[in-house]
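Engineer: In the working numbering, the protein residues as written are 1220 to 1346.
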Amino acid sequence: MNKLKNFFKIGFYSLNIILIILYLFPGSILGCFLYNDCYIQPRITRDFIISSNHVYAFVLLSGLGVFSFHNTKKINFLIFYLFLLSIFLELFHIIIPNRGFEISDLFGNIVGVILVILIYKIVIRYV
């Protein structure tokens, strides 16, 4: 069990760094590799009201974080950190060149965190 928890922690920290780099890069690193155009953001699925790519990214990050820190005293700090990260990374798009702040992206980030936290709270309560 300890090896699995360490695996999730390494994944969480690695994805955290990758996500921060992707968010703070002026343009799209993935667009540069996939389309040879650093101004095109790849889409996994179409957006509805909120940005689906942002939901997927923060569900993955939050899920790894919850698996890494459940049953520890750090879980509340993790939840606080994930909310702050989801807000600040999108707010940085105001000052980063070739990036733009979008409220749908911000809500996508927050919804991704909330989904995982709600599922975690429900599972902890009833299991």
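Every residue, glycine too, gets a C-beta built ideally from N, C-alpha and C.
(1) Three or more C-beta pairs closer than 8 Å, one from the segment 1276–1291 and one from the segment 1230–1245: is that the case here?
(2) Rounded to whole angstroms, what's the CA-CA distance from L1301 to L1223? Just pull it up for me.
(3) Determine the closest residue to G1331 out of R1262, V1278, L1241 and F1244, with distance taken between C-alpha atoms.
(4) Tell me the DSSP secondary structure of R1344 in three-state form.
(5) For K1228, does the three-state DSSP call read helix, strand or coil?
(6) Where do the N-terminal and C-terminal ends of the alpha helix (DSSP H) with N1295 fall, by residue?
(7) For L1238, I'd like the list of residues in its chain whose CB is within less than 7 Å of its CB, leaving aside the five on either flank, ordered along the chain.
(8) Counting only the same chain and skipping the five closest in sequence on each side, list residues whose C-beta sits under 6 Å from that of L1308.
(9) Which same chain residues end up closer than 7 Å to V1335 when comparing Cβ atoms and leaving out the 5 residues on each side of it in sequence?
Structural biologist: Taking the geometry as given:
(1) yes
(2) 22 Å
(3) V1278
(4) helix
(5) K1228 falls in the helix class under three-state DSSP.
(6) I1294 to L1310
(7) Apart from sequence neighbours up to five positions away, the residues of its chain that approach L1238 with a beta-carbon distance below 7 Å are A1276 and L1280, ordered along the chain.
(8) Y1242
(9) V1278, S1281, G1282 and V1285
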